[in-house]
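For the sequence shown, the positions run 2 to 421 when the working numbering is used.
Worksheet: one structure, shown below.
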Amino acid sequence: MPKTDPKACVICAKSSNHVCGKCKVMNYCSRDCQKQHWKLHKKTCGKPVFVDRPLEVGDKCTRCLETVEDDGHGNPVLMGCRVPHPEHLQQNCGSCYGGGGMQLSLMCQACNYSYRRTGSGDAPISETRITQGPKWCFEGSHTLLPAERLGDRRVKKDLVVITANEDMQEEIDALDGNEEITVLRICSDGLYTEEYAPSLNIKLPNLIEFQLEDVSMDQIVLTPDLTPKVKIISMQNPTQCEDPDFVIECSELKRFSCHYWGPGNSDWVNTMLAHATKLESFDSYKLRVDYLMFASNKLDNIRLHRAECLEYLELYAPRLTMLNVQAAYDLDVIKFVDTHPVLSKKLPKNFRFNRELEVNTVNACLGGEARHAIEHHPRFYGGLDDDDSDDGFGGFGGGGNPMASMEAMFHQFHSGGGFY
């Protein structure tokens, strides 16, 4: 039997009706042949097989998910693949209002291009148009390449975006039990929205990323029973409530970001951190909580910019390389914990981590214990910033800021604490 037989064993070319139980593609005549081939086959087993062939009329483009059309003569129209800038990968770079209406600057993290949307003074984002920069994230030829080889410049069928409206609670509840959604984004259509106050308390078994932007939520429940696979959470202005009904217990959480919340009851944040023992990155701006406690073997960087109410910070993070407490005005205590009753046992035997710990304390008012903890950390080799180092206008996510410097001086003057 020649090897060109579609049912031929890939090792000995004998005829066979047996296939690999996982991918259902490779044929074998015996278990011995399957074992012999496994060392090579395991690298690709279960991955989509791409058949390199020309596009045909009626094919579905894997990038834009549109059907390839006929040019009128039986030939496929190859061009015409257009992908909008993915809504979940847009970075807001600021907006301005004037006589010409509203202008919103955005940065697409899929194509890495900046663009500008323009509309009337109070126009929602959905009614603005792109007036500068690329109108599309991708514009070109259709393709049959597997989705994972196309990166983020494609239409994601597993993404759901819910924009604030009077029916948004019904839209959220309708997703209950959906197994296809991996990314859920709840957002306003421009200005901050608090009139609808929706709740998120549904089962999404394959949800990986949750985004919330400028919508005041009444309730958020992300637990192992409802959302066991969540790894990324980003929130901006998540609620106006000082004691929100937020239950976030995600053991697979790797990246968390929260901008603009508080002051209020920080229990929901620390409950989340207690479950997030695989956390790698924590980013916050104006997260006004009084204490934070981290415990993760994977934690690499923590940004607590303008943590204006933070007084106590506890860290078990043996791989931490960056701690940013810029403009933390009341940080009295920082405690670096060397061991953890559970997590320490999961580190490699004789574990050592030698990378330098960088600490940003520009415009921070540190208490004596906080300063001592940083200066005596075995991997901290630099000096602490003081008010003389603030010579720029970095502001949000940047370096020094004159307004933050004045605020720090005010806190230092009235508290008698250190200015570092």
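Glycine included, each C-beta is placed from N, C-alpha and C at the ideal position.
Kindly indicate which three-state DSSP category Ser127 falls into: helix, strand or coil?
helix
**Prompt:** My guess is that Ile209 and Lys230 are in contact by the Cβ rule of under 8 Å, so how many angstroms apart are they, rounded?
**Reply:** 6 Å
### Message
Taking the alpha carbon of Leu223 as the reference point, which residue from Asp190, Cys188, Val270 has its own alpha carbon closest?
### Response
Val270
- For the 8 Å Cβ check, are there 3 or more pairs between the region 281-290 and the region 252-263? yes
### Message
Please return the same chain residues whose Cβ sits closer than 6 Å to the Cβ of Thr68, not counting the five positions on each side in sequence.
### Response
Lys61
Using a 10 Å radius around the Cβ and a threshold of 16 neighbouring Cβ atoms, would you call Met80 buried or exposed? exposed
message: If contact is defined by three or more beta carbon pairs under 8 Å, each pair taking one atom from either stretch, is the region 136-147 in contact with the region 157-173?
response: no
Three or more beta-carbon pairs under 8 Å between the region 100-107 and the region 19-36, yes or no?
no
Secondary structure of Cys97, DSSP reduced to three states
strand
> Going by beta carbon distance, what residues of the same chain come within less than 7 Å of Tyr317, once the five residues before and after it are set aside?
Replying inline: Phe295, Ala296, Val338, His341, Leu344
For the beta strand (DSSP E) that contains Phe102, what are its first and last residues?
-> A small fix is needed here, since residue 102 is Gly in this sequence, not Phe. Note, Gly102: beta strand (DSSP E), 102-109.
Task: For Asp246, three-class secondary structure by DSSP - done: strand
Assigned secondary structure, Asn18 (DSSP; H/G/I helix, E/B strand, else coil)
coil
Just checking my contact of Asn302 with Met273 at CB under 8 Å: how many whole Å lie between their CB atoms? Wrong, their Cβ atoms sit about 17 Å apart, outside the cutoff.
For Pro49, is the classification buried or exposed, using 16 other Cβ atoms within 10 angstroms of its Cβ as the cut-off for buried? Note that Pro49 scores 49 on pLDDT, short of 50, meaning its location in the model is unreliable; the coordinates nonetheless yield the value given after this. Answer is exposed; the Cβ neighbour count stays below 16.
task: Give a yes or no on contact between the region 229-245 and the region 205-219, applying the rule of three or more CB pairs nearer than 8 Å.
output: yes
Look up Asp33 in the DSSP assignment and say whether it is helix, strand or coil. helix
Report task. Have a look at the DSSP bridge pairing and note the partners of Pro77. Result -> Asp71
For this session: Just confirm the distance between the C-beta atoms of Tyr98 and Gly59, as a whole number of angstroms; I'd bet it's less than 8 Å.
Result: Not quite, the Cβ-Cβ distance comes to about 48 Å (not below 8 Å), so this is no contact.
Strand pairing of Glu262, partner residues [DSSP]: Note that residue 262 corresponds to Trp in the displayed sequence, not to Glu. Trp262 is bridged to Leu288.
| said: Measuring straight from C-alpha to C-alpha, what distance separates Met236 and Ser200? | reply: 15 Å
(message) Suppose you measure from the CA of Ser96 to the CA of Ile234; what does that come to, to the nearest Å?
(response) 24 Å
Q.
So, at 7 Å on beta carbons, what are the nonlocal neighbours of Thr5 in its own chain, with the 5 sequence-adjacent residues on each side left out?
A. With a pLDDT of 38 at Thr5, under the threshold of 50, the modelled position of this residue cannot be trusted; read the value that follows with caution. Excluding residues within five positions, none has a Cβ falling inside 7 Å.
Arg83 beta carbon less than 8 Å from that of Trp137 | yes
Worksheet item: Terminal residues of the continuous beta strand (DSSP E) containing Val184?
Response: 184-188
*How many angstroms separate the CA atom of Asp268 from the CA atom of Cys65?*
43 Å
Nearest-angstrom Cα distance between Asn166 and Thr63? 31 Å
Beta-carbon separation (whole angstroms), Ile163 vs Glu172, contact threshold 8 Å: 5 Å
Exercise for the section: Please check the pair Val184 and His260, which I expect to be a contact at CB under 8 Å, by giving their CB distance rounded to whole angstroms. Expected result: Rounded, the Cβ-Cβ distance is 19 Å, inconsistent with contact.
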